[in-house]
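Asks: In the working numbering, the protein residues as written are 43 to 649.
Take a look at the following structure, please.
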Amino acid sequence: MCGIVGYTGTEPAVDILIEGLQRLEYRGYDSAGVAVQVEDGLSIVRRTGKVGELARACEGLAPASTCGIGHTRWATHGTPSERNAHPQCSCLGDIALVHNGIIENFAELREQLAARGHQFASDTDTEVVAHLVEDAYEDDLLAAVRHAAHQLVGSYGLAVTCAQEPGRIVVTRQDSPIVLAHGKDGSYVASDIIAVIRASRDVVVLGDRQFASLDAQGIRYFDDNGEPIEPEFMHVDWDIDVAEKGGYPDFMLKEIHEQPRVVRDTLAGRMVRGVLKIDELGMSLEELQLVDRVCIIACGTSYHAGLVAKQLIESWARIPVTVEVASEFRYRNPIITPTTLVVAVSQSGETADTLAAISEARIKGGKVFGITNVIGSPVARESDGVIYTKANKEIAVASTKSFLGQVVSLTLLSMVLAQAKGKMTVAQTRLLFRELADTAEQIERILSDTTAIEEAAQACKDATSAFFIGRGMGSAISYEGALKLKEISYLHAEAYPAGEMKHGPIALLSEGFPVIAVATQSPVYGKVISNIRESRTRGALIVAVATEGDEEIIKHADHVIFVPKVRDAFSAITVSVPLQLFARAIAIARGCDVDHPRNLAKSVTVE
Ligand code: F6R
Numbered sequence: 043m044c045g046i047v048g049y050t051g052t053e054p055a056v057d058i059l060i061e062g063l064q065r066l067e068y069r070g071y072d073s074a075g076v077a078v079q080v081e082d083g084l085s086i087v088r089r090t091g092k093v094g095e096l097a098r099a100c101e102g103l104a105p106a107s108t109c110g111i112g113h114t115r116w117a118t119h120g121t122p123s124e125r126n127a128h129p130q131c132s133c134l135g136d137i138a139l140v141h142n143g144i145i146e147n148f149a150e151l152r153e154q155l156a157a158r159g160h161q162f163a164s165d166t167d168t169e170v171v172a173h174l175v176e177d178a179y180e181d182d183l184l185a186a187v188r189h190a191a192h193q194l195v196g197s198y199g200l201a202v203t204c205a206q207e208p209g210r211i212v213v214t215r216q217d218s219p220i221v222l223a224h225g226k227d228g229s230y231v232a233s234d235i236i237a238v239i240r241a242s243r244d245v246v247v248l249g250d251r252q253f254a255s256l257d258a259q260g261i262r263y264f265d266d267n268g269e270p271i272e273p274e275f276m277h278v279d280w281d282i283d284v285a286e287k288g289g290y291p292d293f294m295l296k297e298i299h300e301q302p303r304v305v306r307d308t309l310a311g312r313m314v315r316g317v318l319k320i321d322e323l324g325m326s327l328e329e330l331q332l333v334d335r336v337c338i339i340a341c342g343t344s345y346h347a348g349l350v351a352k353q354l355i356e357s358w359a360r361i362p363v364t365v366e367v368a369s370e371f372r373y374r375n376p377i378i379t380p381t382t383l384v385v386a387v388s389q390s391g392e393t394a395d396t397l398a399a400i401s402e403a404r405i406k407g408g409k410v411f412g413i414t415n416v417i418g419s420p421v422a423r424e425s426d427g428v429i430y431t432k433a434n435k436e437i438a439v440a441s442t443k444s445f446l447g448q449v450v451s452l453t454l455l456s457m458v459l460a461q462a463k464g465k466m467t468v469a470q471t472r473l474l475f476r477e478l479a480d481t482a483e484q485i486e487r488i489l490s491d492t493t494a495i496e497e498a499a500q501a502c503k504d505a506t507s508a509f510f511i512g513r514g515m516g517s518a519i520s521y522e523g524a525l526k527l528k529e530i531s532y533l534h535a536e537a538y539p540a541g542e543m544k545h546g547p548i549a550l551l552s553e554g555f556p557v558i559a560v561a562t563q564s565p566v567y568g569k570v571i572s573n574i575r576e577s578r579t580r581g582a583l584i585v586a587v588a589t590e591g592d593e594e595i596i597k598h599a600d601h602v603i604f605v606p607k608v609r610d611a612f613s614a615i616t617v618s619v620p621l622q623l624f625a626r627a628i629a630i631a632r633g634c635d636v637d638h639p640r641n642l643a644k645s646v647t648v649e
């Protein structure tokens, strides 16, 4: 959600900070700000709205300054406004800091600080940290930040600068990412690798309760006691181009088109001499054989990937699966035993609800396996084993390629479990793997002609509400189709298992009400057709996603989007692609910014 950048070196800081903030904008964007060191102190500019607003406000600001910090904010404490935007300052305005996360004990700290005479200028939890640093400051910023950090309860990534220490930035973190890099022109810090790789591809991911002190010459690292430590460098081999649109009008479309690659990369190296391998699982064959229940925890789109996996694991491995919304899981005393395999699915790897669910599962003795897109993310670190989904950086707020990577990874996991349970032979595994790999080419075919999708979108764009229906796998994927549509087009959409329509939702149908039906070939195809007929009789406009070569469906639908024939188990992979494109086409037709839907942030690091 929020994004941090900082720079100290030899180049004009404002330009570098603005560029870094633009790279981080996808994380959250209700306000943004910078603080740069100038001759007589700190110069601070904050604006509500997008980083572009801030960039305009910073034109001509402090061209000689070579040290500063910046932030994009997605409000958690205090409404989005200039006074609540970061950087936040001390009373004297000589200490400024930016913060990601939530300070849980901020109310009591604020009271104590106010009693000591500190004056507060915002409603944020962040501001208390600036005053704590001010309170502790003598002549060493690092010591003051350490002192302040020791009083904080909650999560934080912090970058602090101070007028008395020219060219210096101090950072620390707890449960919120901080990445550092030193390059030819100075030292960089950010909450995301993407904003520091202009400096160097060898970066350091700061550990919890570690500190770093940056100046133009380099970065020094310290532990919680202030003792110097040696950093561990990580080499980043992906290219900065991943953060650019690559010729597409928006990131969402670019990322949808990357999906064939995601399938290929996620499968690469998994089948070795005919044997399916997930070494990162961190579980022996004996341990896998003991698994008697799988519990998938996730939020939003990742939860929908879990719904797909439930169908696969139960039908292939015959292990009961529950799929749990992570924010509910921790509060309902869930049943987890040492033979429960808990699978945490999270694109960002930093969703607070999912992380909390992981720790709850661990307390209860479950073995936790993570599926995430972000290397070194908290989900990866907190899990016993992890599969990385190889989607690469996903910039558009609405998940597309990372969903596909999750579904493919969960499919592999399902196959491994089925093999371990003796329910899938080696020959069956190889056949399925080949068919799974073929979906990359099938997606390419879907992407090569989107005319039917666009026509269907045109027919639905003025609706106020839509239903997505399907059965079995079709029902799981309908939930994702509906979420995609509502989050980027603001058109109200709900998903139902098709058979549920007659138990209530059908009352809402009237002339022209769009019903998007997943009607691919499956054992329940005939049942879905009857549900489509029930809806059509009540005036619904039917958009069907069906299997190429299906002549029957044309009689029952106003628009048909054909997808290549795959076995039902893989239909979530092929069907999700036209549903993503359908949602995007409607959003574009309604004039929406598909990459930055209102009220949403890419990663949700607060409960
Ligand atoms: C929707 C979307 C969200 C996320 C959810 C979980 O397109 O992206 O629903 O899926 O916030 O995020 P992660 O997967 O990062 O845990």
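No residue lacks a Cβ here, since even glycine has one placed at the ideal position from N, Cα and C.
Could you tell me the distance, in whole angstroms, from the CA atom of Asp177 to the CA atom of His638?
Replies: 39 Å
Asks: Compute the Euclidean distance between the alpha carbons of Leu537 and Leu551, then round it to the nearest angstrom.
Replies: Rather than Leu, the amino acid found at residue 537 in this sequence is Ala. Whole-angstrom Cα-Cα distance: 14 Å.
Asks: Counting Cβ pairs, one atom from each stretch, are 3 or more of them under 8 Å apart for the stretch 516-533 and the stretch 628-642?
Replies: yes
Asks: Determine the DSSP secondary structure at Thr108, reduced to helix, strand or coil.
Replies: Correct three-state label for Thr108: coil.
Asks: Consult DSSP for Glu180 and reduce its assignment to one of helix, strand or coil.
Replies: Reduced to three states, the DSSP call for Glu180 is coil.
Asks: Given 7 Å as the limit, tell me if Gly342 has its C-beta closer than that to any heavy atom belonging to the ligand F6R.
Replies: yes
Asks: Give the DSSP bridge partners of Phe293, in chain order.
Replies: Phe293 is not bridged to any residue.
Asks: Any chance you could list the beta strand (DSSP E) runs of at least 3 consecutive residues sitting entirely within the stretch 512-540, in chain order?
Replies: Counting only runs of 3 or more, we get 534-539.
Asks: State the DSSP-derived secondary structure class of Leu139, mapped to helix, strand or coil.
Replies: strand
Asks: Could you check if Pro556 is buried or exposed, using at least 16 other CB atoms within 10 Å of its CB as the buried criterion?
Replies: buried
Asks: For Arg115, does the count of other Cβ atoms within 10 angstroms reach 16, so buried, or fall short, so exposed?
Replies: buried
Asks: Tell me whether Lys544 counts as near the ligand COA, meaning its Cβ is closer than 7 Å to at least one heavy atom of that ligand.
Replies: What this structure holds is the ligand F6R, not the ligand COA.
Asks: Using three-state DSSP, classify Gln461 as helix, strand or coil.
Replies: helix
Asks: DSSP on Lys435, reduced to helix/strand/coil?
Replies: coil
Asks: Which full runs of the beta strand (DSSP E) of 3+ residues lie inside the stretch 537-603, going along the chain?
Replies: 556-561 and 583-589
Asks: Can you look up Tyr198 in the DSSP assignment and give me helix, strand or coil?
Replies: Here DSSP, grouped into helix, strand and coil, assigns Tyr198 to strand.
Asks: For Arg262, which beta-bridge partners are listed by DSSP?
Replies: Ser255
Asks: Judging by CA-CA distance, which residue of Cys133, Ala156, Ser73 and Asp504 is the nearest neighbour of Asn126?
Replies: Ser73
Asks: What residue from Ala201, Ser517, Met543 and Asp610 has the CA that sits closest to Arg578's CA?
Replies: Met543
Asks: Below 8 Å on the Cβ atoms is my guess for Lys432 versus Asp307; work out the distance and round it to an integer in Å.
Replies: About 4 Å separates the CB atoms of Lys432 and Asp307; that is less than 8 Å, so the two are in contact.
Asks: Taking 8 Å as the cut-off, decide whether the C-beta atoms of Ile144 and Pro302 are in contact.
Replies: no
Asks: Would you be able to state if there are at least three C-beta pairs under 8 Å between the stretch 325-340 and the stretch 512-521?
Replies: No: fewer than three Cβ pairs fall under 8 Å.
Asks: Runs of 4 residues minimum, wholly inside the stretch 441-486: which ones carry the alpha helix (DSSP H) assignment?
Replies: Taking only runs of at least 4 residues, the alpha helix (DSSP H) segments lying wholly in the stretch 441-486 are 443-462.
Asks: Should Ser164 and Gln130 be called a contact, given that it needs their Cβ atoms to be closer than 8 Å?
Replies: yes
Asks: Given this structure, state the Cα-to-Cα distance separating Phe253 from His299, to the nearest angstrom.
Replies: 40 Å
Asks: Report yes or no: do three or more beta-carbon pairs, one from the stretch 489-499 and one from the stretch 393-411, lie closer than 8 Å?
Replies: no
Asks: State yes or no: is the beta carbon of Asp491 nearer than 8 Å to at least one beta carbon in chain C?
Replies: This model lacks chain C altogether; it includes just one protein chain.
Asks: Judging by CA-CA distance, which residue of Ala508, Val605, Pro547 and Pro606 is the nearest neighbour of Ile558?
Replies: Ala508
Asks: To the nearest angstrom, how far is it from the Cα of Leu583 to the Cα of Ala505?
Replies: 10 Å
Asks: So, for Pro620: in the same chain, excluding its five sequence neighbours on each side, which residues have a beta-carbon less than 7 Å away from its beta-carbon?
Replies: Ile488, Ile495, Val587, Ile603 and Val605
Asks: Which parts of the stretch 299-339 are runs of the alpha helix (DSSP H), unbroken and 4 residues or longer, counting only runs that do not cross its ends?
Replies: 301-309 and 327-332
Asks: Relative to the ligand F6R, is the shortest distance from any of its heavy atoms to the C-beta of Thr396 smaller than 7 Å?
Replies: yes
Asks: Could you tell me the distance, in whole angstroms, from the CA atom of Lys465 to the CA atom of Pro362?
Replies: So the alpha carbons of these two residues sit roughly 14 Å apart.
Asks: Cutting at 7 Å between CB atoms, please list the residues of its own chain near Leu332, excluding the five before and the five after it.
Replies: Thr381
Asks: Mapping DSSP to helix, strand and coil, what is Gln79?
Replies: Strand, per DSSP.
Asks: May I have the straight-line CA-CA distance separating Lys607 from Glu594, to the nearest angstrom?
Replies: 15 Å
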